[in-house]
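Have a look at the structure below before the remarks.
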Amino acid sequence: SAVISQKPSRDICQRGTSLTIQCQVDSQVTMMFWYRQQPGQSLTLIATANQGSEATYESGFVIDKFPISRPNLTFSTLTVSNMSPEDSSIYLCSVEGASRDHEQYFGPGTRLTVT
Amino acid sequence: GENVEQHPSTLSVQEGDSAVIKCTYSDSASNYFPWYKQELGKRPQLIIDIRSNVGEKKDQRIAVTLNKTAKHFSLHITETQPEDSAVYFCAAFGRRDDKIIFGKGTRLHILP
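Line order of the protein sequences matches chains A and B. Every number in my numbering is 1 more than the matching position in the first sequence, counting from 1. Every number in my numbering is 195 more than the matching position in the second sequence, counting from 1.
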């Protein structure tokens, strides 16, 4: 499976500020996904990011709050804008496997704390 | 859309015994069912998956079964070891939603 890295691994931010999370993959992938995992909870899909098109957001998530870039087939960013303590969570990127048959592999995650 | 229910939420098993985690799904068109293991502070890892054209799949101590008629699938871990302690998530690829939907997770404790 692909090697996926995320930066930063963790951050503590003040409310009202924004944080951009980077996701880098060591091979070209078509489908990239951004998830949120709140403490002790399951994984919630924020959006699907495909290269060359606008990200597709899930219900409850909007582009103004979580703008996403996908400039090429190995990289994506997620920005958490105008943060509040409710945004404290782990944010994970994932990619579809090389067989492109729905299996997903996750990055290590970014632990965000908003004070 | 797809809905995935997972039981139990917590499971304690004596080391060496077997553990079974069960999930149900709602979308009869779903055709892909992965299982993820997440250790504390780590990323979810894909440990096994099954597709709708197969009834059972095994990988060493781990097996997954799928009953399409009843719309449920299960993870079986045999000869459990301390390193099996983790949270396990089932999931289903909902063809109507065109995305993977996760269950709420099962926290598995292996008791010494």
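In this text, a Cβ means the ideal position worked out from N, Cα and C, and glycines have one as well. Bear in mind the structure is a predicted one, so any value in this text is a computation, not a measurement.
Interface flag for A:GLN105 against chain B is set, since a Cβ pair is found closer than 8 Å. If you draw a straight line from the Cα of A:LEU74 to the Cα of B:LYS232, it is about 27 Å long. GLN38, GLY41, GLN42, SER43, LEU44, THR45, LEU46 and THR49: these are the residues of the region 37 to 54 of chain A whose beta carbon lies less than 9 Å from some beta carbon of chain B, given in chain order. Taking CB atoms only, B:GLY298 has a neighbour in chain A less than 8 Å away.
The alpha-carbon of A:ILE47 is positioned some 9 Å away from that of A:THR57.
The C-beta distance from B:VAL215 to B:PHE297 rounds to 19 Å, too long to meet the 8 Å contact threshold. Spanning the alpha carbons of B:ARG238 and A:ILE64 requires a straight line of approximately 25 Å. Between A:ALA50 and B:VAL208, the alpha-carbon positions lie close to 40 Å from each other. Using a Cβ-Cβ cut-off of 8 Å, A:PRO9 does not count as an interface residue toward chain B, since no Cβ of chain B sits closer than that to its own. Runs of the beta strand (DSSP E) spanning 3 or more residues and lying entirely within the region 223 to 260 of chain B occur at 227 to 233, 240 to 246 and 251 to 254, in chain order. A buried status is given to B:ALA287, since no fewer than 16 other beta-carbon atoms sit within 10 Å of its beta-carbon. Contacts between B:ILE272 and chain A, judged by CB atoms closer than 9 Å, are missing: the closest CB pair is about 20 Å apart. Scanning the region 46 to 115 of chain A from its first residue to its last, the whole beta strand (DSSP E) runs of 3-plus residues come out as 69 to 73, 76 to 81, 90 to 97, 105 to 107 and 111 to 115.
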